[in-house]
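Participant: Once you've had a glance at the structure underneath, I'll fire off some questions.
In UniProt numbering, the protein residues as written are 1 to 261.
Spelled out as structure tokens, the structure:
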């Protein structure tokens, strides 16, 4: 009897097929940047920021320097300010130690000697005005103010007699004249209030006038600060000089009230 042979059946396991490769190549994994590359990248990113910081710093420095050079007048230089900067005396006045002068010491700089500078004081600050000897030297129109504090004289116009820092009573030149006939139209309380306001206004005018001259010398291109005037004790209690006609000629009576119809 013939032996029946069994045929091998097909294997139930699937045949392994090769994966179909994509036509597009696979992207390589990015390389980690080196330390030098990271530093270079950070520097490139920070350049605009650093430039901006420097611009802001330079602008602030420029404005601050301008403010100091113009003594608070402006944040921007102008031709007048630059002219002062180009003079050696200006630099000396800002870096030289402040000198102290008594009235007797200041009097030695009145221009009477050719080899001595001319100094004057305004509001207690001493300035060298030698650049204008024709005006402040002997025979000059402002020679009265050489070697003294000229504060009161500059405000009142009493050049020959008001050669002092004492400003007491100077406000009278800006106040109206008390006239009985004119003042009779006001009741006592009203007149008292008027006088109080007039006094305040007159004192403000004295302050403004003195400040004008103090600023004039402080910002001058020709005159330079050299020191400070030291006044003797009790000088504020001294009686001020009398007002001259030049100072009083501008005073007028109070205005009459308009009569109602």
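Don't be surprised by glycine CBs; every beta carbon is placed ideally from N, CA and C.
Just curious, the alpha helix (DSSP H) that residue 227 is in, first and last residue?
Facilitator: As a working note, residue 227 is residue 227 in the chain shown. Going by DSSP, residue 227 is part of no alpha helix (DSSP H) but of the beta strand (DSSP E) stretching over 224-229.
Participant: Please name the residue or residues paired with residue 101 in a DSSP beta bridge.
Facilitator: Against the chain shown, residue 101 aligns to sequence position 101. According to DSSP, which records beta bridges pairwise, residue 101 is partnered with 229.
Participant: Which residue wins for smallest C-alpha separation from residue 121, given the options 109, 113 and 132?
Facilitator: Taking the chain shown and counting its residues from 1, the one referred to as residue 121 is at position 121. Checking every option, the nearest Cα to that of residue 121 belongs to 109.
Participant: Locate the beta strand (DSSP E) running through residue 119, then write down its first and last residues.
Facilitator: Mapped onto the chain shown, residue 119 falls at position 119. Note, residue 119: beta strand (DSSP E), 119-122.
Participant: Let me make sure I understand the geometry here. Which of 174, 248, 186 and 197 has the alpha-carbon closest to that of residue 205?
Facilitator: As a first step, residue 205 is located in the chain shown; it is residue number 205 there, counting from the start. With distances taken between Cα atoms, residue 205 lies closest to 174.
Participant: Measure how close the beta-carbons of residue 146 and residue 222 come, nearest whole angstrom, since I'm counting them as under 8 Å.
Facilitator: For the purposes of this step, residue 146 is taken as the residue at position 146 of the chain shown. For the purposes of this step, residue 222 is taken as the residue at position 222 of the chain shown. 15 Å between Cβ atoms; not a contact.
Participant: Taking all protein chains shown into account, do 16 or more other C-beta atoms lie within 10 angstroms of the C-beta of residue 181, making it buried, or fewer, making it exposed?
Facilitator: Taking the chain shown and counting its residues from 1, the one referred to as residue 181 is at position 181. Exposed, since its Cβ has fewer than 16 Cβ neighbours within 10 Å.
Participant: Kindly list the residues whose CB is nearer than 8 Å to the CB of residue 232, restricted to its own chain and excluding five residues on each side of it in sequence; keep chain order.
Facilitator: For the purposes of this step, residue 232 is taken as residue 232 along the chain shown, with counting starting at 1. If we look at residue 232 and ignore the five residues flanking it on each side, its Cβ neighbours are 102 and 103.
Participant: What is the residue span of the alpha helix (DSSP H) that residue 128 lies within?
Facilitator: As a working note, residue 128 is residue 128 in the chain shown. Premise fails: residue 128 lies in the beta strand (DSSP E), 125-128, not in any alpha helix (DSSP H).
Participant: What does DSSP give as the partner residues of residue 253 in its beta bridges?
Facilitator: Mapped onto the chain shown, residue 253 falls at position 253. Note: residue 253 sits in a beta bridge opposite 177.
Participant: Given that a residue counts as buried once 16 or more other Cβ atoms are within 10 Å of its Cβ, and exposed if not, what is residue 54?
Facilitator: Numbered from 1 along the chain shown, position 54 holds the residue referred to as residue 54. Exposed, by the Cβ-count rule.
Participant: Report the residue from 209, 187, 113 and 176 whose alpha carbon sits nearest the alpha carbon of residue 289.
Facilitator: With the chain covering only 1 through 261, there is no way to say anything about residue 289.
Participant: Buried or exposed for residue 118, going by 16 or more other Cβ atoms inside 10 Å?
Facilitator: Here residue 118 refers to the residue found at position 118 when the chain shown is read from its first residue. It counts as buried.
Participant: Shortest alpha-carbon distance to residue 241 belongs to which of 107, 59 and 159?
Facilitator: Here residue 241 refers to the residue found at position 241 when the chain shown is read from its first residue. Comparing Cα positions, the closest option is 159.
Participant: Less than 9 Å separating the beta-carbons of residue 214 and residue 125?
Facilitator: Against the chain shown, residue 214 aligns to sequence position 214. Against the chain shown, residue 125 aligns to sequence position 125. Yes; because the gap between Cβ atoms is below 9 Å, this pair is in contact.
Participant: When the Cα of residue 128 is compared with those of 235, 249, 225 and 248, which residue comes out closest?
Facilitator: Here residue 128 refers to the residue found at position 128 of the chain shown. Each of 235, 249, 225 and 248 was checked against the Cα of residue 128, and the nearest Cα belongs to 225.
Participant: Tell me the DSSP secondary structure of residue 187 in three-state form.
Facilitator: Translated into the one-based positions of the chain shown, residue 187 becomes position 187. Coil at residue 187, not helix or strand.
Participant: Run through DSSP, which three-state label would residue 110 get?
Facilitator: Along the chain shown, one-based indexing puts residue 110 at 110. Here residue 110 sits in coil by DSSP.
Participant: How many whole angstroms separate the CB atoms of residue 203 and residue 238, which I take to be in contact at a CB cut-off of 8 Å?
Facilitator: Numbered from 1 along the chain shown, position 203 holds the residue referred to as residue 203. Numbered from 1 along the chain shown, position 238 holds the residue referred to as residue 238. In fact, because the Cβ distance is near 19 Å, the residues do not count as touching under 8 Å.
Participant: Hey, could you find the ends of the alpha helix (DSSP H) residue 155 is sitting in?
Facilitator: Here the question's residue 155 lines up with position 155 in the chain shown. Counted as a single uninterrupted DSSP element, the alpha helix (DSSP H) harbouring residue 155 occupies residues 151-156.
Participant: Might you give, ordered along the chain, the residues of its own chain that have their beta carbon closer than 7 Å to the beta carbon of residue 135, omitting 5 neighbours on each side?
Facilitator: On the chain shown, residue 135 is found 135 positions in, with the first residue counted as 1. Hits under 7 Å: 141 and 142.
Participant: Report back the beta-carbon spacing between residue 254 and residue 183 to the nearest angstrom; my notes put them in contact at under 8 Å.
Facilitator: Start at 1 with the first residue of the chain shown, and residue 254 comes out as number 254. Start at 1 with the first residue of the chain shown, and residue 183 comes out as number 183. Going by Cβ atoms, the distance from residue 254 to residue 183 rounds to 6 Å, so yes, they are a contact pair.
Participant: In terms of residue numbering, what span does the alpha helix (DSSP H) encompassing residue 246 cover?
Facilitator: Here residue 246 is taken as the residue at index 246 of the chain shown, counted from 1. Taken as a continuous stretch (DSSP letters only), the alpha helix (DSSP H) holding residue 246 covers 245-248.
Participant: Could you tell me the alpha carbon to alpha carbon distance between residue 144 and residue 165, rounded to whole angstroms?
Facilitator: Taking the first residue of the chain shown as 1, we reach residue 144 at position 144. Taking the first residue of the chain shown as 1, we reach residue 165 at position 165. Those two C-alpha atoms are separated by around 14 Å.
Participant: For the alpha helix (DSSP H) holding residue 133, just list the boundary residues, first then last.
Facilitator: Within the chain shown, residue 133 is the residue found at index 133, counting from 1. Segment 133-136, the alpha helix (DSSP H) holding residue 133.
Participant: On a Cα-Cα basis, can you pick out the residue from 64, 244 and 167 that is closest to residue 161?
Facilitator: Taking the chain shown and counting its residues from 1, the one referred to as residue 161 is at position 161. The candidate whose alpha carbon is nearest that of residue 161 is 244.
Participant: Taking C-beta to C-beta, are residue 176 and residue 251 nearer than 9 Å?
Facilitator: Translated into the one-based positions of the chain shown, residue 176 becomes position 176. Translated into the one-based positions of the chain shown, residue 251 becomes position 251. Yes, they are a contact pair.
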